[in-house]
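Chemist: To start, I am sharing the structure in question, which I have written as structure tokens.
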Amino acid sequence: MKTAVVILNWNGKEYLERFLPGLVGSVGPHDRVIVADNASTDGSASLLKEKFPDVATMMFSRNWGFTGGYNRALMQLDAEYFILLNSDIEVPDHWIEPLEEWMDSHPECGICAPKLHSYADREMFEYAGAAGGYIDRYGYPYCRGRIMKMVEEDRGQYDSPENVFWVSGACLMIRAELYRRLGGLDERFFAHMEEIDLCWRAQLTGHEVTVVPYSTVYHIGGGSLPNDSPRKLYLNYRNNLLMLRKNLAKTYALKAFGNGNDAGTSAAKGLRKARRTILTRMLLDGAAAAVYLCTFKWSYFKAVVRAHRDFRKIRERISVKDLTGYLKQWGDKGKITGMSDKWIILRAIILRRDIFRISGKV
């Protein structure tokens with residue numbers, strides 16, 4: 001098959017019943033829809049068997065999370081492209097062709113995605129990914145069309161293909177060969193920010209991440225964990241630090257290497273700068289935890305504290321030798337797009353919605 005469209009389902013019976021028929025009818029003759037189920041308990045398995053007997057399924061015996069579930073599903077499939085698709089997404093006819101055509105004609109692109117609109121308010125961008133994402137100097141992600149909780153209406157302002165830092169895992173196409181070579185999603189993340197890490201690693205190995213606005217899908221959002229969930233807050237804080245720890249030193253080293261430094265010097269500079277940046281980010285997290293404490297949001301405060309504790313347990317050691325080896329292999333190929341040198345939260349607080357009138361990269 002050309003493209004394997006894989007829904008990772010966990011207790012999403014309602015969404016499967018509502019959106020799977022349209023999805024199955026929208027794919028081409030060389031594409032295939034697969035539902036991988038993370039041990040749902042809501043009757044999803046029975047629904048698939050009774051109402052969608054022609055849809056291929058994979059049934060897991062436990063909930064492996066977003067990362068583990070997709071890794072176990074995709075590593076079994078033989079296709080040119082993979083699409084990771086949330087169960088709570090409505091797709092129109094011919095949504096998949098622009099993505100396939102872009103990847104076919106742009107071999108330098110490793111990951112691409114459509115624009116993400118809100119299912120409830122179809123002219124508005126959707127929080128999870130809007131028109132592609134960036135990241136600021138301290139690792140805070142934001143989107144073209146969504147910064148913090150401010151979401152923009154789609155008036156055609158992002159209707160040209162654009163290389164970005166990340167695209168949402170709600171609907172993401174990746175070359176199967178690249179997915180395997182990168183080792184898939186990092187299962188330490190379990191869920192949340194794993195797609196940003198994947199996009200970052202793809203760029204570090206010389207691949208572009210692109211929004212293809214000729215395709216648009218409609219996302220409900222919040223299907224697994226609500227935005228105000230302490231569990232989601234914990235995952236976001238922990239995984240953000242893990243993502244920075246994995247990739248930031250390489251990114252800074254890559255920039256120093258591009259400025260004419262040798263590999264060893266670039267590696268040392270990248271490691272020092274990354275340590276300073278991550279320390280600053282941890283202090284900012286501490287300030288956020290203090291606000292939660294002072295406003296009696298005990299569960300949020302505990303979530304941040306636990307996130308930092310668990311990050312220290314799972315973080316990996318990175319040495320100058322490691323970074324030097326990376327530069328020798330990828331220093332002339334890696335290229336990072338969409339990392340701002342600004343602190344997006346402060347700018348958003350000051351400018352509010354006027355921030356969307358500035359450059360798309362803010």
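1 is the number of the first residue of the sequence shown in the numbering used here; add one for each residue after it.
All C-beta atoms, glycine included, are put in the ideal place defined by N, C-alpha and C.
#1: Tell me whether residue 361 sits in a helix, a strand or coil according to DSSP, three-state version.
#2: Quick check for students: name the residue ranges of the alpha helix (DSSP H) that lie wholly in the segment 7-42, counting only runs of 4 or more.
#3: Let me check one thing: in DSSP terms, what residues is residue 163 bridge-paired to?
#4: Which one of 279, 148, 316 and 259 has the shortest CA to CA distance from residue 332?
#5: Between which two residues does the beta strand (DSSP E) harbouring residue 326 extend?
#6: Nearest to residue 165 by CA position, among 211, 185, 125 and 178, is which residue?
#7: Tell me whether residue 141 sits in a helix, a strand or coil according to DSSP, three-state version.
#8: Tell me the rounded alpha-carbon separation between residue 199 and residue 103.
#9: Between the Cα of residue 218 and those of 292, 138, 168 and 316, spot the shortest distance and give me the residue it belongs to.
#10: Among 26, 126 and 147, which one has its Cα closest to the Cα of residue 135?
#11: According to DSSP, what are the bridge partners of residue 133?
#12: If you check the beta carbons only, do residue 353 and residue 245 fall under 7 Å apart?
#13: Which residue marks the beginning of the beta strand (DSSP E) containing residue 83, and which one marks its end?
#14: State buried or exposed for residue 114, treating a residue as buried only when at least 16 other CB atoms are found within 10 Å of its CB.
#15: If you run the structure through DSSP and keep just helix, strand and coil, what is residue 215?
#16: Report yes or no: do the segment 200-207 and the segment 63-75 share at least 3 C-beta pairs separated by less than 8 Å?
#17: Can the beta-carbon of residue 87 be found less than 7 Å from the beta-carbon of residue 145?
#18: Using C-beta distances below 6 Å, list every residue in its chain close to residue 257, excluding the 5 sequence neighbours before and after it, in chain order.
#19: Quick one: residues in its chain with C-beta nearer than 7 Å to the C-beta of residue 323, no 5 flanking neighbours on either side, listed in chain order?
#20: Put residue 148 into one of helix, strand or coil per three-state DSSP.
#21: Identify whether residue 103 lies in helix, strand or coil by the three-state DSSP scheme.
#22: Report the residue from 334, 255 and 343 whose alpha carbon sits nearest the alpha carbon of residue 284.
#23: Per DSSP, residue 59 forms a beta bridge with which residues?
#24: Within 10 Å of its beta-carbon, does residue 213 have 16 or more other beta-carbons around it, so buried, or fewer, so exposed?
Modeler: Walking through what the data contain:
#1: Here residue 361 scores only 49 on pLDDT, less than 50, and its place in the model should not be relied on; the value that follows carries that caveat. If DSSP states are grouped into helix, strand and coil, residue 361 belongs with coil.
#2: 13-26
#3: 210
#4: The option with the nearest alpha carbon to residue 332 is 259.
#5: Here residue 326 belongs to no beta strand (DSSP E); instead the alpha helix (DSSP H) covers 320-330.
#6: 211
#7: In this structure, residue 141 counts as strand in the three-state DSSP scheme.
#8: 15 Å
#9: 168
#10: In this structure, 147 is the residue among 26, 126 and 147 with its C-alpha nearest to the C-alpha of residue 135.
#11: Per DSSP, 143 and 166.
#12: No, they are not a contact pair.
#13: 81-85
#14: So residue 114 ends up on the buried side.
#15: Of the three classes helix, strand and coil, the one that applies to residue 215 here is strand, per DSSP.
#16: Touching, no, given that fewer than three Cβ pairs across the two stretches are closer than 8 Å.
#17: no
#18: 266, 327 and 331
#19: For residue 323, where only same-chain residues beyond five positions count, the Cβ hits under 7 Å are 249, 250, 253, 267, 270 and 271.
#20: coil
#21: helix
#22: 343
#23: 37
#24: Looking at its Cβ environment, which holds 16 or more other Cβ atoms inside 10 Å, residue 213 is buried.
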